[in-house]
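Report on the structure given below.
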Amino acid sequence: KPGHKCKLTCTDIKLITMLLEHEPCTYLDELQDELFSRHGVLISQSTLHWTLHCLCFSRKTVSARAAE
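Under my numbering, the letters of the sequence shown match residues 75 to 142, in that order.
Right, dumping it as C-alpha coordinates:
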(Lines of atoms letter the chains of each structure in order from A; the text may use other names.)
(Lines give C-alpha, C1' and ligand atoms only; values in the text may rest on other atoms or scores of the structure.)
Protein backbone atom coordinates (compact mmCIF):
# COMPACT_ATOMS: atom_id res chain seq x y z
CA LYS A 75 0.00 0.00 0.00
CA PRO A 76 1.56 3.34 -1.00
CA GLY A 77 2.17 6.21 1.42
CA HIS A 78 3.05 6.34 5.05
CA LYS A 79 1.29 4.43 7.80
CA CYS A 80 -1.26 6.58 9.64
CA LYS A 81 0.19 7.88 12.90
CA LEU A 82 -3.22 8.33 14.50
CA THR A 83 -5.64 5.65 15.62
CA CYS A 84 -9.40 5.84 15.23
CA THR A 85 -9.56 6.77 18.93
CA ASP A 86 -7.14 9.67 18.34
CA ILE A 87 -9.21 10.92 15.41
CA LYS A 88 -12.41 10.68 17.48
CA LEU A 89 -10.75 12.79 20.18
CA ILE A 90 -9.74 15.44 17.63
CA THR A 91 -13.25 15.53 16.20
CA MET A 92 -14.83 15.77 19.65
CA LEU A 93 -12.48 18.58 20.69
CA LEU A 94 -13.22 20.58 17.54
CA GLU A 95 -16.97 20.07 17.83
CA HIS A 96 -16.83 21.31 21.43
CA GLU A 97 -14.40 24.18 20.74
CA PRO A 98 -14.16 24.98 17.01
CA CYS A 99 -11.44 27.63 17.43
CA THR A 100 -8.88 25.23 18.92
CA TYR A 101 -5.32 25.84 17.70
CA LEU A 102 -3.13 23.06 16.33
CA ASP A 103 -0.74 23.29 19.29
CA GLU A 104 -3.68 22.90 21.68
CA LEU A 105 -4.81 19.78 19.81
CA GLN A 106 -1.24 18.47 19.99
CA ASP A 107 -1.20 19.02 23.76
CA GLU A 108 -4.54 17.25 24.21
CA LEU A 109 -3.45 14.28 22.11
CA PHE A 110 -0.29 13.96 24.15
CA SER A 111 -1.88 14.44 27.57
CA ARG A 112 -4.82 12.09 26.92
CA HIS A 113 -3.30 9.46 24.61
CA GLY A 114 0.49 9.93 24.83
CA VAL A 115 0.59 10.67 21.08
CA LEU A 116 3.23 13.04 19.70
CA ILE A 117 2.62 14.28 16.17
CA SER A 118 3.76 17.29 14.19
CA GLN A 119 1.50 20.22 13.41
CA SER A 120 1.83 19.39 9.72
CA THR A 121 0.51 15.85 10.35
CA LEU A 122 -2.31 17.28 12.41
CA HIS A 123 -3.08 19.86 9.72
CA TRP A 124 -3.20 17.11 7.06
CA THR A 125 -5.46 15.00 9.28
CA LEU A 126 -7.87 17.92 9.68
CA HIS A 127 -7.84 18.42 5.92
CA CYS A 128 -8.70 14.74 5.41
CA LEU A 129 -11.54 15.08 7.96
CA CYS A 130 -12.87 18.06 5.96
CA PHE A 131 -12.07 20.58 8.67
CA SER A 132 -10.85 23.84 7.24
CA ARG A 133 -10.34 27.35 8.54
CA LYS A 134 -13.54 28.31 6.75
CA THR A 135 -15.46 25.42 8.34
CA VAL A 136 -14.07 26.24 11.78
CA SER A 137 -14.92 29.94 11.37
CA ALA A 138 -18.48 29.11 10.36
CA ARG A 139 -18.93 26.78 13.34
CA ALA A 140 -17.44 29.36 15.69
CA ALA A 141 -19.92 31.97 14.46
CA GLU A 142 -22.90 29.75 15.33
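No residue lacks a Cβ here, since even glycine has one placed at the ideal position from N, Cα and C.
Taking just the CA atoms, how far does Y101 sit from L82?
18 Å
State the DSSP-derived secondary structure class of C128, mapped to helix, strand or coil.
helix
With L89 and H127 assumed to form a contact (beta carbons below 8 Å), what rounded beta-carbon distance in angstroms separates them?
Incorrect: roughly 17 Å between the Cβ atoms, too far for contact.
In whole angstroms, what separates the C-alpha of D107 from that of L93?
12 Å
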